[in-house]
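Protein chains in written order, with the UniProt record's numbering: chain A, 1 to 334; chain B, 1 to 357. Quick notes on the structure that follows.
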């Protein structure tokens, strides 16, 4: 078990490295830089800022420095010199837990500060929407399966089809419109409501969780239908057990297995989905911060939050793999 | 009859609604089981034997299945009229069932102990502790070593034979009056089969439970049962004591079945398979359902469905004619002779042709 966890954690290292590599490459393909303003800035100022943040160095490999040091300080220092590049320096710092300064703050704030500040908001949003997706999706799926081809089944089908097929920016805007026009609730301007739990989380969380809820509903339905046909359910009925016991004790736990499988990707979906929702509902979470960072070419913020998301997704998948064992004893022992 | 039978099935009719029409899976089936008796139900796949047994438990999936007519009298009560909650008091308690595939018949995520004790607590009102002790006794009764430890294991930690032992223990948990064993050895390999049959025989004698033993294996029937009914296309086509059936089969289908398995008693006969396929239960006909495959078929067979009639003391068969096994042998030999004659004629033809050219 512990060996399994260690192996999985070690496997995250190359994954994160690849993510960093690809993100950095894509980021460099985008035109413009972090210090571009609408009005002309003196080239000397930009040069100064670039030097301050090390953006004057080559992007990937610093061959000039390599040659330079090779002749003076020997091969070891030369290799360090080779990686005295934007990517090399970023990775060296990142490994030590320093994700660099955000360019938007002109270096007064670090990326890890920014994540610490905004991630709890996104985490709350994500947890509420995950809870919503599970609490609504699971029972709805079970109901659809147990009352197959009745009005309940069709109801669950309609709800999940809407949740699945209508994009969140549509449902989100519709909800905003209804809230402000029908109920007269003004859009939130005061950012302090996002500190700690508040009712304000529910509208964006529900919209965010809609797709996942729909997916869980359909998956649960098909899973329960599958389990219902199994021989051991017939055995349970042949023992004279009542419907409630058959469902609660014999059907539900077995139907959970495929649902657990999608929870890893679902958590990832809720994290990435929050990019749009946070913008629509003006939630000052890490998602809207990330979108903002792309617009302003805030390189270290883009790198930092991408790596952070990747870490979350990877950890989420490890948790899911571990939770299989709790549900299914066949996996626990092997 | 001295004592009323434990179970009496009268004119049972079970239908399944499908997209192609109504399938008459069980047609007018009647039989009875006495207390402590072992009845074998033999037939090929789709002959209605499993549907019959599930009907007794009232466990046919409905819809699409439904008991369309007839009575199932258990200890005098008609189970067809029972409500679902009345039926639950019977299931697993007075009638219990073990299924064909022990690999899939146990819930993979629950411990064996939990699965064994749930019916004990439900039907016998035992506490968790009492039920556990009873489960330990049951497991040792079916020959599972270290039963107190095995109770905490999951099904996947048992072999196929061991799982079937667990199923049998579960079936016998509440001392049922009737145990329905639906092909309990079909999914097991031969040595394990023998062990399980031996176990069932021993337990039958120890507990006095009546057993309905469903199988397609005549060899199993011979060693296990007191009486046998043979089913074909949803009907009972022959019914007799086991000895009588094996010695004097009267329905051509039974004769066909017996001639298609090798005998171990030294008499060497040619194995003859039954040609053709079982009929489509969708179509309604007036002919004998076995007619297209029967060696003895006559004109009358195509216009009249035979019903069970007495052919010997305590022996009924659904055939219009008095057929027995010797005739089959004669027929078979005649057939071989005819085939040989055709071959000989052809050979002679070829030879004559060669000589001429």
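We put the CB at the ideal spot given by N, CA and C, even for glycine.
- Identification of residues in the stretch 85-107 of chain A having a C-beta nearer than 8 Å to some C-beta of chain B yields an empty set.
- Non-local C-beta neighbours of residue 245(B) in its own chain, meaning closer than 6 Å and more than five positions away in sequence, comprise 228, ordered along the chain.
- Annotated as proximal: residue 53(B) and residue 180(B), with beta-carbon spacing under 8 Å.
- Against chain B, the CB of residue 52(A) has no partner CB under 8 Å away; the residue lies outside that interface.
- Within chain B, the residues whose beta carbon sits less than 7 Å from that of residue 232(A) are 104, 105, 106, 107, listed in sequence order.
- When CB distances to chain B are screened at a threshold of 9 Å, the residues of the stretch 209-242 of chain A falling below it are 229, 230, 231, 232, 233, 234, 235, 236, 237, 238, 239, 240, 241, 242, in chain order.
- Collapsing the DSSP output to three states places residue 310(B) in a strand.
- Annotated three-state conformation of residue 205(B) is helix, per DSSP.
- With respect to the 8 Å criterion, residue 230(B) and residue 29(B) are not classified as neighbours on the basis of their beta carbons.
- Around the beta carbon of residue 243(B), fewer than 16 other beta carbons sit within 10 angstroms, so the residue counts as exposed.
- The contact set of residue 328(A) on chain B, defined by CB atoms closer than 8 Å, consists of 108, 109 in chain order.
- At least one beta carbon of chain B lies nearer than 8 Å to the beta carbon of residue 253(A).
- Under a criterion of Cβ atoms nearer than 8 Å, the residues of chain A adjacent to residue 93(B) are, in order, 240.
- Spanning the alpha carbons of residue 296(B) and residue 249(A) requires a straight line of approximately 55 Å.
- Only exposed fits residue 199(A), as fewer than 16 other CB atoms lie within 10 angstroms of its CB.
- Not a single C-beta of chain A is nearer than 8 Å to the C-beta of residue 126(B).
- Distance between residue 32(B) and residue 294(B), taken at the CA atoms: about 28 Å.
- When secondary structure is reduced to three states using DSSP, residue 126(B) falls in the coil class, being assigned neither helix nor strand.
- Legend: CB atoms of the stretch 58-75 of chain B lying less than 9 Å from CB atoms of chain A belong to residues 59, 61.
- Remark: three or more beta-carbon pairs, one from each stretch, lie closer than 8 Å, so the stretch 309-319 of chain A and the stretch 263-270 of chain A are flagged as touching.
- Secondary structure of residue 216(B) (DSSP, three-state): coil.
- Here DSSP, grouped into helix, strand and coil, assigns residue 98(B) to strand.
- Shortest Cα-Cα distance from residue 277(B) to any of 130(B), 285(B), 289(B), 270(B) involves 289(B).
- Rounded to the nearest angstrom, the Cβ distance from residue 41(A) to residue 300(A) is 20 Å, too far for a contact under 8 Å.
- Nearest Cα to residue 274(A) within the set 230(A), 221(A), 256(A), 209(A): 209(A).
- Contact between residue 314(B) and residue 241(B) holds: their C-beta atoms lie close to 6 Å from each other, under 8 Å.
- For residue 176(B), the number of other beta carbons within 10 angstroms of its own is at least 16, and it is reported as buried.
- Within the stretch 32-46 of chain B, no residue has its Cβ closer than 7 Å to any Cβ of chain A.
- Listed by position along chain A, the residues whose Cβ is nearer than 8 Å to that of residue 89(B) are 240.
- Residues of chain A whose Cβ lies closer than 8 Å to the Cβ of residue 119(B) are, in chain order, 239, 240, 241.
- Given a length threshold of 4 residues, each whole run of the alpha helix (DSSP H) inside the stretch 209-254 of chain A is given here in chain order: 231-238.
- Scanning chain A for C-beta atoms nearer than 9 Å to the C-beta of residue 122(B) yields 239, 240, 241, 242, 245, reported in chain order.
- Residue ranges of uninterrupted alpha helix (DSSP H) with 4 or more members, entirely inside the stretch 112-166 of chain A and ordered along the chain, are 151-165.
- For residue 144(B), the CB contacts under 8 Å within the same chain, skipping 5 residues up- and downstream, are 150, 162, 165, 166, 169 in chain order.
- Look at residue 91(A) here: in three-state DSSP terms it is helix.
- DSSP places residue 299(A) inside the alpha helix (DSSP H), whose first and last residues are 299-327.
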